[in-house]
Amino acid sequence: MLIDGLDGPHGIDLHEGYLYIAERSAVGRIAFDAASGEVSGDYRHIVTGLPDGGNHWTRTVRVGPDDRLYVSVGSSCNVCIEDDPRRAAILRYTLDGGEGE
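For the sequence shown, my numbering puts the final residue at 102, and the numbers step up evenly by one.
Rendered as structure tokens:
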């Protein structure tokens, strides 16, 4: 096990020496050496406060060709109109978790 204590980890991506991990309501990152398969340093959340709960709680995270972090946030139900515009959406951040949109 590389890291323990995560909250429902689902999506992961590896980019330029960092392992990005999407959890239920956050995205974190930690330095990762792909050659050795070892992490180093501290795991820290870079995106927090993602909508949680509902039927579609898993998150997928990917780094795009524009070096931005993309995080999927599912809907809270199967058939509804969401009150939170971050639901049923793909959110975009800088690689350090800033400038969310």
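Just so it is clear, CB atoms sit at the ideal spot from N, CA and C, and this is done for glycine as well. The structure presented is a predicted model; accordingly, all values stated were derived computationally and were not measured.
inquiry  = For Ala27 and Ala90, what's the separation of their Cα atoms in angstroms?
reply    = 15 Å
request  = Could you pull out every residue in the same chain whose Cβ sits closer than 6 Å to the Cβ of His57, ignoring the five residues on either side in sequence?
outcome  = Gly75, Ser76
key: Residues that Tyr94 bridges to, as DSSP identifies them   = Leu70
ask   = Ends of the beta strand (DSSP E) at Glu39?
value = 39-49
query = When DSSP labels each residue in this structure, what does Leu15 get in the three-state scheme?
reply = strand
ask   = Just curious, the beta strand (DSSP E) that Val62 is in, first and last residue?
value = 62-64
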